[in-house]
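What follows is one structure encoded as structure tokens, with my remarks underneath.
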Amino acid sequence: MKHLLAGSIFLLLLCTNIKANRNVNDLNSIDYIALNTPQYATSSIESLVIYGQSNTQSELELTRFYFVWLAQNIIYDTLEFETSKRSIDKQSYDSVFQNRKAICRGYADLLTYLCQKSGIDARTISGYTKTIGQKADLTEVHAWNAIKIQGKWQLFDVTWASNYFERCGKLDYRFDDCFLQSPAVFTKRHFPFDPIWQLSNKIVTPDAFINEKSENATVDYFSDYTKILEEEALLLSLEQNIISFERAVNFLPEEKRLYSILNYYKSEKAYYLFEKANQLLQRFRNQKDIDIQHWSNQDFKEIIENAEEAKILFGKALQLYETMSLIVQNEDIELIKSNKESISQNNQLTEKLIEHLQNLDFEINKTPLAGINKRN
487 MKHLLAGSIF LLLLCTNIKA NRNVNDLNSI DYIALNTPQY ATSSIESLVI
537 YGQSNTQSEL ELTRFYFVWL AQNIIYDTLE FETSKRSIDK QSYDSVFQNR
587 KAICRGYADL LTYLCQKSGI DARTISGYTK TIGQKADLTE VHAWNAIKIQ
637 GKWQLFDVTW ASNYFERCGK LDYRFDDCFL QSPAVFTKRH FPFDPIWQLS
687 NKIVTPDAFI NEKSENATVD YFSDYTKILE EEALLLSLEQ NIISFERAVN
737 FLPEEKRLYS ILNYYKSEKA YYLFEKANQL LQRFRNQKDI DIQHWSNQDF
787 KEIIENAEEA KILFGKALQL YETMSLIVQN EDIELIKSNK ESISQNNQLT
837 EKLIEHLQNL DFEINKTPLA GINKRN
């Protein structure tokens, strides 16, 4: 089955005397460790994680270590930013780590991956940005991070920290400006597509952010955003992304790029369901009736249950394609149609297979197989 890509989708030890002599609450000491990370500790993502964990004592310190190391060692890829067709592969966390170059998505995804690999909940957030006193540039999509530190979500922009010296002409507070800002301050320059990442029940409106309006700038939007995020944290990453971009589409329906991203994640889920269903069918895909006749009644029960579950999964995959927006490129419309037909054919074959197995079991055992419970 072809995989739909409906749009570009915009992470060993230091000398013990350094660790022992520093103040745990002093992030400047973490900056020193990050800025002087030895080369052997940066040979792989795994070695960097081990080094960071070995020289920090809290989630805050470890996040600071990753943040400063990235800002100092990953160069902003100006040529990639200026190209008309950017490479998704170049912004993958492993490519960014290996090549030491990135644009915003690469910075954010690598920071997300480093945190997650260390057991810290982190997400990459997309949206608009602007500098103080200027209107937002709606043609560009920026990426930053939300990271859950000691039970509370916080906001970070490592991309901006990486070129802070160039923007300000000084090194003082180079990293603090974009590290652990309050949501109220952060949202003055960052506007997430998914409003929940404003991290407030009362959110800034798109009009207020884009047009620098102070009157009626915020509206009540969530009853309890923290509870919503807690519930979504229990879901798989793919499910989280679908929910997030569905919320974004409802919040910013005029931003057509969001439909493409949402369709991408839906196609990812549809493909996952398709593959899972095929795996359930794999056991008897190449079986001959003469071999099946030697199966026990328990074999028939198990396999028909698997086929029933596969049928449900094919159905869910088909529903995902049915809900996809048609605001996509023409070639993607054809691919959606092709994939829907493929799933439908597999669904029909599965139905026939279930019927065949049930009839075959009846002929062998002279009694119908009763009470096969469908899995939800």
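Residue 706 in this note's numbering sits at position 220 of the sequence shown, and the numbers go up by one each step.
Note that beta-carbon positions come from the ideal geometry of N, C-alpha and C, so glycine has one too.
Only a predicted model underlies this, so the values are computations on that prediction, with no experimental measurement involved.
CA-CA distance, residue i and residue j?
i: Arg609; j: Pro524; result: 28 Å
i: Cys590; j: Trp683; result: 17 Å
i: Ser782; j: Ile747; result: 47 Å
i: Thr598; j: Val705; result: 30 Å
i: Gly538; j: Leu548; result: 6 Å
i: Gln805; j: Glu761; result: 16 Å
i: Cys673; j: Asn727; result: Note that residue 673 is Thr in the sequence shown here, rather than Cys. The alpha-carbon atoms of Thr673 and Asn727 are separated by roughly 21 Å.
i: His676; j: His628; result: 9 Å
i: Ile516; j: Phe695; result: 34 Å
i: Leu843; j: Ala588; result: 54 Å
Who are residue i's beta bridge partners in DSSP?
i: Tyr707; result: DSSP output for Tyr707 lists no bridge partner at all.
i: Pro678; result: Gly613
i: His628; result: Gly613
i: Val690; result: Thr704
i: Ile635; result: Lys638
i: Tyr562; result: Ala588
i: Gln667; result: Leu641
i: Ala608; result: Ile633
Based on Cα-Cα distance, which residue from the options lies nearest to residue i?
i: Leu624; options: Asp693, Asp785 and Val705; result: Asp693
i: Leu715; options: Ile729, Phe800 and Leu839; result: Ile729
i: Tyr552; options: Asp643, Trp639, Asn585 and Thr564; result: Asp643
i: Leu721; options: Phe695, Gln844, Ala670 and Lys755; result: Lys755
i: Gln768; options: Asn792, Val735 and Ala632; result: Asn792
i: Ile840; options: Asp595, Tyr707 and Ile798; result: Ile798
i: Ser830; options: Glu626, Glu808 and Asn522; result: Glu808
i: Asp865; options: Ala557, Tyr526, Gln834 and Asn736; result: This structure gives no information on residue 865, because the portion of the chain shown stretches from 487 to 862.
i: Phe665; options: Trp639, Ser753, Leu843 and Tyr711; result: Trp639
i: Thr569; options: Ile790, Tyr593 and Glu626; result: Glu626
i: Glu566; options: Gly592, Leu546, Trp555 and Val554; result: Gly592
i: Gln602; options: Arg586, Thr617, Ser581 and Asn631; result: Asn631
i: Tyr518; options: Ser533, Tyr526, Thr542 and Ser530; result: Thr542
i: Asn845; options: Ile778, Gly801 and Lys802; result: Ile778
Using a 10 Å radius around the Cβ and a threshold of 16 neighbouring Cβ atoms, would you call residue i buried or exposed?
i: Ser648; result: buried
i: Gly605; result: exposed
i: Gly637; result: exposed
i: Ile574; result: exposed
i: Lys838; result: exposed
i: Ser612; result: buried
i: Leu766; result: buried
i: Ser700; result: exposed
i: Lys724; result: Looking at the sequence itself, residue 724 is Leu, so the reference to Lys does not match. That one is exposed.
i: Ala520; result: buried
i: Asp595; result: buried
i: Val535; result: buried
i: Ile689; result: buried
i: Gln584; result: exposed
i: Glu740; result: exposed
i: Ser753; result: buried
i: Val735; result: buried
i: Asp658; result: Residue placement at Asp658 is flagged as unreliable, the pLDDT there being 44, under the threshold of 50; the coordinate-derived value follows with that caveat. Result: exposed.
When the cut-off is 8 Å and only beta carbons count, does residue i lie next to chain D?
i: Gln765; result: Absence of chain D from the displayed structure is noted, only one protein chain being present.
Where does the unbroken alpha helix (DSSP H) through residue i begin, and where does it stop?
i: Ala734; result: Ser723 to Phe737
i: Thr569; result: First-last for Thr569: undefined, no H or E at that position.
i: Lys774; result: From DSSP, Lys774 is part of no alpha helix (DSSP H); its letter is neither H nor E.
i: Ala803; result: Asn783 to Thr809
i: Gln684; result: Run containing Gln684: none; DSSP gives neither H nor E here.
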